[in-house]
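Working notes, structure below.
Number of protein chains: 4
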Amino acid sequence: MKIVVIGGGSSYTPELVEGIILRADQINVEKIVFVDIESGKEKLEIIGALAKRMIKKSELSIQVDLTFNRIEAITDADFVLTQFRVGGLDARANDERIPLTYDVIGQETVGPGGFAKALRTIPVILDLCKEIENYASDAWLINFTNPAGMVTEAVHKYTSVKAIGLCNVPINMKEMTANILAVDREAVTMSFAGLNHLVYATNVTVNGVDQMPTLIEGIAEGRNMNMRNIHDAPWEKDFLLALKALPCPYHRYYYMMDEMLVEEKQAALEGGTRAEQVKEIERALFEVYKNPALKEKPKELEERGGALYSEAAISLIASIVSDDDAIHTVNVPNNGAISNLPDDVVVEVTCTVNQSGAKPIRIGPLPPELNGLIQQIKAFEVLTIEAAVTGSKEKALLALTMNPFVPSSKVAKALLEDLLEANKPYLPQFFNKECS
Amino acid sequence: MKIVVIGGGSSYTPELVEGIILRADQINVEKIVFVDIESGKEKLEIIGALAKRMIKKSELSIQVDLTFNRIEAITDADFVLTQFRVGGLDARANDERIPLTYDVIGQETVGPGGFAKALRTIPVILDLCKEIENYASDAWLINFTNPAGMVTEAVHKYTSVKAIGLCNVPINMKEMTANILAVDREAVTMSFAGLNHLVYATNVTVNGVDQMPTLIEGIAEGRNMNMRNIHDAPWEKDFLLALKALPCPYHRYYYMMDEMLVEEKQAALEGGTRAEQVKEIERALFEVYKNPALKEKPKELEERGGALYSEAAISLIASIVSDDDAIHTVNVPNNGAISNLPDDVVVEVTCTVNQSGAKPIRIGPLPPELNGLIQQIKAFEVLTIEAAVTGSKEKALLALTMNPFVPSSKVAKALLEDLLEANKPYLPQFFNKECS
Amino acid sequence: MKIVVIGGGSSYTPELVEGIILRADQINVEKIVFVDIESGKEKLEIIGALAKRMIKKSELSIQVDLTFNRIEAITDADFVLTQFRVGGLDARANDERIPLTYDVIGQETVGPGGFAKALRTIPVILDLCKEIENYASDAWLINFTNPAGMVTEAVHKYTSVKAIGLCNVPINMKEMTANILAVDREAVTMSFAGLNHLVYATNVTVNGVDQMPTLIEGIAEGRNMNMRNIHDAPWEKDFLLALKALPCPYHRYYYMMDEMLVEEKQAALEGGTRAEQVKEIERALFEVYKNPALKEKPKELEERGGALYSEAAISLIASIVSDDDAIHTVNVPNNGAISNLPDDVVVEVTCTVNQSGAKPIRIGPLPPELNGLIQQIKAFEVLTIEAAVTGSKEKALLALTMNPFVPSSKVAKALLEDLLEANKPYLPQFFNKECS
Amino acid sequence: MKIVVIGGGSSYTPELVEGIILRADQINVEKIVFVDIESGKEKLEIIGALAKRMIKKSELSIQVDLTFNRIEAITDADFVLTQFRVGGLDARANDERIPLTYDVIGQETVGPGGFAKALRTIPVILDLCKEIENYASDAWLINFTNPAGMVTEAVHKYTSVKAIGLCNVPINMKEMTANILAVDREAVTMSFAGLNHLVYATNVTVNGVDQMPTLIEGIAEGRNMNMRNIHDAPWEKDFLLALKALPCPYHRYYYMMDEMLVEEKQAALEGGTRAEQVKEIERALFEVYKNPALKEKPKELEERGGALYSEAAISLIASIVSDDDAIHTVNVPNNGAISNLPDDVVVEVTCTVNQSGAKPIRIGPLPPELNGLIQQIKAFEVLTIEAAVTGSKEKALLALTMNPFVPSSKVAKALLEDLLEANKPYLPQFFNKECS
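Structural data, given as structure tokens:
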């Protein structure tokens, strides 16, 4: 089995390598190829060397290759994992800072920041998919690149590649739920429905007994239900009790928009935005990775976020390979799972997974208290994807206007101009129209 | 034919009387009954006297009755027109002012103001409908009471009364379109789709030729496309061009939320909110109405807003009576007209009208740029109606949280407490639960 | 020696009693009279009983009297201590909440909250001073009632009473400075200059060596320099280094206005304003005080704020009595101490104290970085005092307009109307003008 | 008599030339020299050619010279007029836009925009003054360059040049007052006191009768009391009545900070900031100036603002030349005129002017309602000047923190970094410290 990692020089890669080693009994990997762009050479080599040391220590016989030649890497791949970041952390810092100048939350995945990231990323993944269609048409694309929902939807709408979008939010929500309920993660049964970074746990049981009220009680008492990269604003208990569902940590941006905006502005004034903090964390991480004595995933990686990311990824691959019909929460086309949404949009839902892919477990109609926001965001996503593919400023303006963080079409227009200008090198679809 | 007007003491009533007189050839009214509550006695009598003078001058033989006995009035009615305002302008002033203390637009029909108004109004209209079911089960209910969409939906969901909700926004949009295009209103063909105070003209033609671009050009140049009671913030041209549909004047609250909030706050600081201005206008109007020499609708009434309201109402009644299958834009159950929405929610759409009522002309799916907002607001409406009927604070909190003017569930909760407290006398469903 | 405490039923009183007991060697008190208003009877009796138990345990022979008869109490007093709160905590809650509805920090001592408190308090203290002039013309008035600076200035401008205003901020700043520098409080020499709740430490030495840089370094590292009742927003280090002076904890409201406003709004949404929290703390404290087994100041009192308050008060009285020329930082008429300010305004400065009172140690001109803000606030104070005495709405409007938390004269006017209305029972000077 | 105009290529220059022609009986100019920098060559030549055509038409024998050689120009000058703009309109656009990204009013003369302009301008004028000291030590410097108060104060504090700062605000206030009172401007007597762009008319009489109440009434009714470049927010009548003085148009930024900020943000979103509008006006003006048939000041110049600027300037020069002791309101050292301010700061006050210069008419102490704001702004100015001269980031940070538009020291620091970075080419005192 051959696994190709696009964006192999990412600081997250050691997490993935560890997962492959730990699950060696379930997935029999022969070769891992790390691909990156030439400007990422130094990081790629550090990661490659560490991966080789980790595998050597594990006494497995897995070959590790490093390359800038994407086509060569992809050819005959079984799995292509995408975790690249177009424009790097500098672009992310722009995604976060520029909207703040209009009193708008940036947020790199769900707000205007995620919008800009989608515009940069979708053309790149579609190019990659053309290569997969040509050189590895049976390969599975497992996409981690954010905004993972929109990126995966673009792949499904515009290519024939077999793609699943994956995020570590649902698995972490389950893990934190288990902690709050003081049971093992395996003992918890949870159903998820929604969109990437906008997913709700609609049902939580342990041994068939509804645990949602206990869980909400625990959260209201301050038990942790958050990701490391999100300001930990406390939830309003009465709201959760009324909702009768558990919002994901990113829902804070929608349900506490005022607090989150204030926090982002304060952070930008004081310690820098998240991108700027991450830059520093990454710099330090690569220092650690360089150490030739290091032969395992260092504990410092946990600072970086991304907990359980490898667990989610490798177990998903294992289900495809072993055809075990196990349950995973992933991003796939709706195909009737949520009956208020069209078939062709990508949703994040509980699925059974086997060698033919991920099939959503039917949910039916969402109640209005969930449906209102999900419809709004899905409309934003559909328009963003269309803008990213066509370079249409009209679609882009419509998308931004309907993002809930943006207070008006006038702000949307000014912000769009600024975002396009700041991302010019990455947006040929908007700027080189005569060439396309 | 017997027409009953609930809230007959309204300052708008002379408009209605004029319409009945002008259309006497199409609708043969024998009796008009004006009903009001006892505290509105003085206004009711002023209106009644003016109506009698107007009819006398017209030389028609229409009987005018005034009463506080609603059941007596309704019995054997053919049409029941509802234009009452629970709590009067003082309640409206609260609807507008209280949200501003949280930096939230109040707005008496579409924001938290409209939410509070729905909570006060829906129990009253459902009581009325029980009486109609018992004493005039064949009567048509024509509802003007705002929020007209939610009120009409409550009637359809909880009673068997034949009801149509009516608003003067679509007819005014058509009139202003005709002015901008410099043609007669009859020459303009327009299709409308959406919700009350959230309706879009999706199509505008004159003699079969698409006039949307010309219309948008005109609006961008500053031609009037607004109602008297809405701050006339200018539209962003590129946004309208991208939307390819014409938003209604109330859409400013959504697409220019920042500007509208600032304007409402400034108005509250300076000249008073809209409710406070209207109080003064009404006081002056009733002075004019009192004049025994006045025998027609005075021109001062136009100041009050409500242009073409009578035109819309009387022509709708005429279509029902004459079974003419004419086109009207009204609020009726969706029944598949907009395919992204459930059947049982009320929408504001172009219909054909005959003696069996109003049938929507099928629209199909709304494009995402319209659907996102409409779904969000409809979810807010469905939850508000449920809260109004059941007195559920949970549903009320969910509704307010998802209103786009409300930035967080914490603000929603504090605002809900304040709104419930301020409206206590009108909200038995929330406060007298043990009695219901 | 006879000490009279106006507002004797305050929860702070046990602190004071403890101080009198601990310093019995320095001040020989024969009688303490606690005065309060009739509606405070229950609290007064609880405090009185606790005070008697404390004194009994100390084996001192001090007589404790309780009375509602202020004149009787004052007659022949040596010291009159004022710590009353006109309107109680309900009025304070209004002071804090009403301004927030205009996006204005309320703050009970330095903002529009302090403005409203001054309007309520100054007429009461001037009435008291008339009684002192008549019945105890040699008595010293030691005023703790906030806003202590304005209240003390009113006494000096409008009466002949010998008055000193006292606040626990300077002594606490010195205590915290000692902690940061890791020396005893006695080892620290600090000079203070400014206004009440707007005082700067302009000089900090230990054994003659300047410690300001070390102190600022410590604060920038997060060492505590705050009072219990103020949100602990961190100081901007570069700003402190540039200022070369130590602002008091209340300066956060001016130098971090954005953060403090956000925090006050969030607190009002979540757990209640400070007044609402204090109500709960007080309720609990009085439960503790009631316990007949309690014979000393309970440690729970520290929760309430007010640390070192008794230390400051009793040592000040001791200096007057013993004529020791000791150094105290108190509120007295400027009389040339700060040369940029007029003689007759009250300032908070380092003084020598003896039996003729407190004499400021000359400071000279303040540098522009301190003078700008102090002049602005002093102008606000002078106008507020004039409004409080005369009931002039014009002076009140000018005062509020120039408060730095108020963004415009329009907000000032609307806020003034609301504050006057909410405080109507306490503002005869504004509402009963014909009677005065 | 030789007049030198530094920044001669300014679009305002034709106004000045017209003034010299119209007052040729009072001031006998032999030579005018227009100086500019080389990058302004085209504009300088257009202006020069127009000036020559204007003078030729007037049949006066005044020589017009154009040069880039400042020293040559200055040598033996009688009057040096400064109206240059360091960094041009691009720098002004930055001054206006950058603060808005922090929700701070920019404003090119009184806010952080004026702060940045002062940092750019003061080093240049001090260089010029060194040349005047050396080559024309008897010349008068008449400074129009904004921020005129700070620039003039820097000249007085750091050079021996005889300098007067001039602004067209007082003369326009008088003109508008005359219009409102319906009398000739000569009939109005007004006293002014304050700072540049922060000046109050403290007294208005016609034939010895106080007209302040009538004037305020007129302004409250909407009569014009504004400059062309300031958003015309209406004054709060009760505030003006309480103030008993007439604020200048720029005071809107302080007394209506909320409205003005909103308006600046809206303008930046829609039509561009004032700088961006002025760029377009200037472009059009120079097209008009080029026309060889044009031989007079074109009426289009009035669009540009600057009304009565030439009238103020030439009449001031005439008073110096003719030694007539006439009354002018100009910027000069305080020297005791306003007794709350130090002697060495520049104030804008009513003066008598003769050949020894401008002598303030004594005002005495300002009342607190004027003094609070003036002290605050003067402190900001003193620190800004010191920062501009020394390149001290500490002084710059203190200055910005105390500007009333800046809500916190954290915003001040971030904004300072951005302003310094954007103005780097013009701020050698901050960036080339090793060279100075």
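Chains as they are written, first to last, in this note's numbering: chain A, 6 to 441; chain B, 6 to 441; chain C, 6 to 441; chain D, 6 to 441.
The C-beta atom is built at its ideal place from N, Cα and C for all residues, glycine as well.
Source: prediction; values computed, not measured.
In three-state terms, what does DSSP make of residue i?
| i | result |
| --- | --- |
| H511/D | Residue 511/D lies beyond the residue range present for chain D, which begins at 6 and ends at 441; the question has no answer from this structure. |
| I366/B | coil |
| C440/C | Annotation note: pLDDT 46 at C440/C (below 50); position unreliable, coordinate value reported separately. Three-state result, C440/C: helix. |
| S142/A | coil |
| P412/D | coil |
| P338/C | strand |
| M195/A | strand |
| K302/B | coil |
| Q216/C | coil |
Which same chain residues end up closer than 6 Å to residue i when comparing Cβ atoms and leaving out the 5 residues on each side of it in sequence?
| i | result |
| --- | --- |
| D423/C | I103 |
| E50/D | none |
| V4/B | No information on residue 4/B is available, as it lies outside the stretch 6 to 441 that chain B covers here. |
| N359/B | D328 and D330 |
Around the C-beta of residue i, are 16 or more other C-beta atoms found within 10 angstroms, so that it is buried, or is it exposed?
| i | result |
| --- | --- |
| G341/C | exposed |
| S441/C | Bear in mind that a pLDDT of 45 at S441/C, under 50, signals an unreliable position, so the model cannot answer this. |
| P297/D | exposed |
| K418/D | buried |
| L248/B | buried |
| Q68/A | exposed |
| D348/D | exposed |
| N139/C | exposed |
| A82/D | buried |
To the nearest whole angstrom, what separates the beta carbons of residue i and residue j, a pair I think is in contact under 8 Å?
| i | j | result |
| --- | --- | --- |
| S315/B | G93/B | Going by Cβ atoms, the distance from S315/B to G93/B rounds to 22 Å, so no, they are not a contact pair. |
| V85/C | I127/C | That pair is no contact at about 16 Å. |
| V160/A | N173/A | Not a contact, Cβ separation roughly 19 Å. |
Check whether the Cβ atoms of residue i and residue j sit closer than 8 Å, and answer yes or no.
| i | j | result |
| --- | --- | --- |
| V350/D | V394/D | no |
| L375/D | A250/D | yes |
| A168/A | I368/A | no |
| E353/D | V204/D | yes |
Could you check whether the Cβ of residue i sits closer than 8 Å to any Cβ belonging to chain G?
| i | result |
| --- | --- |
| T406/B | You won't find chain G in this structure, because its protein chains are A, B, C and D. |
Only counting the same chain, and skipping five residues up and downstream in sequence, which positions put a Cβ closer than 8 Å to that of residue i?
| i | result |
| --- | --- |
| D189/C | A183 |
| E113/B | R97, D100, E101, G119, K122, N151, R279 and A280 |
| S324/A | D330, A331, H333, V358 and N359 |
Could you pull out every residue in the same chain whose Cβ sits closer than 7 Å to the Cβ of residue i, ignoring the five residues on either side in sequence?
| i | result |
| --- | --- |
| A344/A | Checking the sequence, you will find Ser at residue 344/A rather than Ala. Excluding sequence neighbours, S344/A sits near G369 and P370. |
| R288/A | none |
| M265/B | I110, H236, A238, R257 and Y258 |
| N208/A | M195 and S196 |
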